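Data block below; observations after.
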Amino acid sequence: MKRLVSPLITLALIVAVWQAVIWLTGVRRFILPDPWSVAEALWRHRASLAEHTVTTLTEIVLGILIAVTLGMLTALLLMASKTARERGQILLVITQALPVFALAPILTLWLGYGLWSKIAMASLIIYFPVTVTFFDGLRRTDPGLLDLARVMGGTPRRILWLIRAPSALPALASGLKLAAVYAPIGAVIGEWVGASHGLGYLMLRANGEVKTDLMFACVIVLAALAVTLHALVSAFAARLAGWRPESADQPESAQSQ
Amino acid sequence: MRIAGDFQIGEMPVFTGLDLALEPGEWTCLLGPSGVGKSTILRLLAGLETGGRFRGSLTAPDRPAYMAQSDLLAPWLDVTGNVTLGPKLRGETPDLARARALIAEVGLAGHESKRPAELSGGMRQRAALARTLMEDRPVVLLDEPFSALDAATRAACQELAFRLLEGRTVLLVTHDPGEAARLGHRVHLLAKHGIAETLLPDGPPIRPAMAPETLSAQATLFEQVRAA
Numbered sequence: 013m014k015r016l017v018s019p020l021i022t023l024a025l026i027v028a029v030w031q032a033v034i035w036l037t038g039v040r041r042f043i044l045p046d047p048w049s050v051a052e053a054l055w056r057h058r059a060s061l062a063e064h065t066v067t068t069l070t071e072i073v074l075g076i077l078i079a080v081t082l083g084m085l086t087a088l089l090l091m092a093s094k095t096a097r098e099r100g101q102i103l104l105v106i107t108q109a110l111p112v113f114a115l116a117p118i119l120t121l122w123l124g125y126g127l128w129s130k131i132a133m134a135s136l137i138i139y140f141p142v143t144v145t146f147f148d149g150l151r152r153t154d155p156g157l158l159d160l161a162r163v164m165g166g167t168p169r170r171i172l173w174l175i176r177a178p179s180a181l182p183a184l185a186s187g188l189k190l191a192a193v194y195a196p197i198g199a200v201i202g203e204w205v206g207a208s209h210g211l212g213y214l215m216l217r218a219n220g221e222v223k224t225d226l227m228f229a230c231v232i233v234l235a236a237l238a239v240t241l242h243a244l245v246s247a248f249a250a251r252l253a254g255w256r257p258e259s260a261d262q263p264e265s266a267q268s269q
Numbered sequence: 483m484r485i486a487g488d489f490q491i492g493e494m495p496v497f498t499g500l501d502l503a504l505e506p507g508e509w510t511c512l513l514g515p516s517g518v519g520k521s522t523i524l525r526l527l528a529g530l531e532t533g534g535r536f537r538g539s540l541t542a543p544d545r546p547a548y549m550a551q552s553d554l555l556a557p558w559l560d561v562t563g564n565v566t567l568g569p570k571l572r573g574e575t576p577d578l579a580r581a582r583a584l585i586a587e588v589g590l591a592g593h594e595s596k597r598p599a600e601l602s603g604g605m606r607q608r609a610a611l612a613r614t615l616m617e618d619r620p621v622v623l624l625d626e627p628f629s630a631l632d633a634a635t636r637a638a639c640q641e642l643a644f645r646l647l648e649g650r651t652v653l654l655v656t657h658d659p660g661e662a663a664r665l666g667h668r669v670h671l672l673a674k675h676g677i678a679e680t681l682l683p684d685g686p687p688i689r690p691a692m693a694p695e696t697l698s699a700q701a702t703l704f705e706q707v708r709a710a
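Structure, rendered in structure tokens:
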């Protein structure tokens, strides 16, 4: 219960502050709609919101799957080959340094207005965190365990697969949690640049028609999507890293109990 | 099995004029204070990276079994998974019946499916011993495997290891004079100025921890380590 109640209190606080700002400043409705009219818009546009959410969700999920697969393969390759390490790491940094916003029009030009340009955007934005976290995990394997594996006669490939990869899973789990939060950004940017479906497209259209309440409804759906995705991925990540104890909720000193 | 020569890290000599032979079927203890290169000798015999340069002659065993101070259990594998890690790393099919028997022999029957985090320090080191036995090698290299355990657990683990490694050629690196006095057929004292074999009480190991001869040998070794 407590796990559900704490976030709900946070949400209630946000809504209260939101309403308070409107009462105190008397800001006009098309600049900042009140929570009630946004809730109304959510209900009124539920069918089209649902339809566009499915599009965006598809882009996000496919983007995550592709980027995680490619990222893990890249990290394994970087680990397996010194040449790949020396030459590949700069490439990796470049993919992250490229402003995805600037790339969006080109990707749309190349991949068209459909799903694939958005999937590419989402993938591009999370490829780096997934690769880097998994690669760091592979590199930080317990040296003693690696010594043991070498004495046991393990080949480099089997050591990579049986020792390094499993011990890097907690690090990968961190990368996946980042990916769940970043992927929606990529998909929505892609939809802004050019699309006929998706929450990003709906937002842009609502903006153009000065339907600020629908705009906010989109933002809320997007936020809910990101929170749900993050929760699901976190649960999955906890299974991946189940053997590593977490200590965030433990007291630092005996007195605090 | 013999290792003879000099070892240096960069321009800094760690040991010079070393000459150490392992007698087949016996426990050879390498005793000395920290920082004199005990573990380096073991790593050279194990064929592991040492971060320095060895010059001399070395007849290393073909794929020894190895056990270190920390248990080196893979935290994501259960006891059975850890015990069968060696065969899996070599691409062989592990003999699960043998693994189960060895786990029972070290007193961990019923704990086969537990992960290391669910075991006590002594149980983990016994799981590591089962993994070492699973390798079934004639030469076993032990790098202070009991030093992190409490006194009672340490004594129990020493007795268990000695019984189960019977007949194998064992090199035990240790900084504990009591351990050397109990377990060694021979004890070599490694110090800054070189290596020397020291005398031990008559009678084969494993010697009773509380026997007067063992205690007096422990005291003598302690004096020598302090003077080294």
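Chains as they are written, first to last, in this note's numbering: chain S, 13 to 269; chain H, 483 to 710. Don't be surprised by glycine CBs; every beta carbon is placed ideally from N, CA and C. All values reported here derive from a predicted model rather than from experimental measurement.
- Residue pairing for residue 548(H): DSSP places it in a beta bridge opposite 623(H).
- Taking all protein chains shown into account, residue 68(S) has 16 or more neighbouring C-beta atoms within 10 Å of its C-beta and is therefore buried.
- Between residue 617(H) and chain S, the shortest Cβ-Cβ separation is below 8 Å.
- The three-state reading of DSSP puts residue 129(S) in helix, counting H, G and I together.
- Close CB contacts of residue 690(H) within its chain, under the 7 Å cut and outside five residues either way in sequence, are with 696 (chain order).
- Checking the DSSP bridge columns, you'll see residue 511(H) partnered with 654(H), 669(H).
- The beta carbon of residue 178(S) sits closer than 8 Å to some beta carbon of chain H.
- Put simply, the backbone Cα of residue 637(H) is about 12 Å away from that of residue 630(H).
- Scanning its chain for C-beta atoms nearer than 8 Å, with the 5 sequence neighbours on each side dropped, one finds around residue 686(H) the residues 667, in chain order.
- The alpha-carbon separation between residue 71(S) and residue 571(H) amounts to approximately 39 Å.
- Look at residue 152(S): its C-beta is not under 8 Å from any C-beta on chain H.
- By the rule that beta-carbons nearer than 8 Å mark a contact, residue 255(S) touches chain H.
- In the structure shown, residue 628(H) adopts coil according to DSSP, grouped into three states.
- The alpha-carbon separation between residue 82(S) and residue 206(S) amounts to approximately 25 Å.
- About 5 Å separates the Cβ atoms of residue 512(H) and residue 655(H), confirming a contact at the 8 Å cut-off.
- Exclusion of the five residues before and after residue 53(S) leaves 45, 223, 225, 226, 228, 229 as the residues of its chain whose Cβ lies within less than 8 Å of its Cβ.
- Only residues of its own chain outside the window of five on either side were considered, and among them 496, 534, 535 have a CB closer than 7 Å to the CB of residue 490(H), listed in chain order.
- Membership of residue 56(S) in the alpha helix (DSSP H) is indicated by the continuous run 47-56.
- Collapsing the DSSP output to three states places residue 506(H) in coil.
- Contact note: residue 174(S) reaches chain H through 567, 570, 571, using a C-beta cutoff of 8 Å and chain order.
- Closest in alpha carbon position to residue 175(S), among 152(S), 188(S), 187(S), 193(S), is 152(S).
- Neighbours of residue 546(H) in chain S, taken as residues at a C-beta separation under 7 Å, are given in chain order as 163.
- Across the region 178-192 of chain S, CB contacts with chain H closer than 8 Å involve 178, 179, 181, in sequence order along the chain.
- For residue 541(H), the uninterrupted beta strand (DSSP E) segment begins and ends at 535-541.
- In the assembly as shown, residue 670(H) is a buried residue. Its beta-carbon has 16 or more other beta-carbons within 10 Å.
- Residue 123(S) sits close to residue 132(S), with the two beta carbons spaced by under 8 Å.
- Around the CB of residue 521(H), 16 or more other CB atoms lie within 10 Å, so the residue is classed as buried.
- Residue state for residue 496(H) is assigned as strand, using DSSP reduced to three classes.
- Residues of the same chain with a CB within less than 8 Å of the CB of residue 563(H), apart from the 5 flanking positions on each side, are 556 in chain order.
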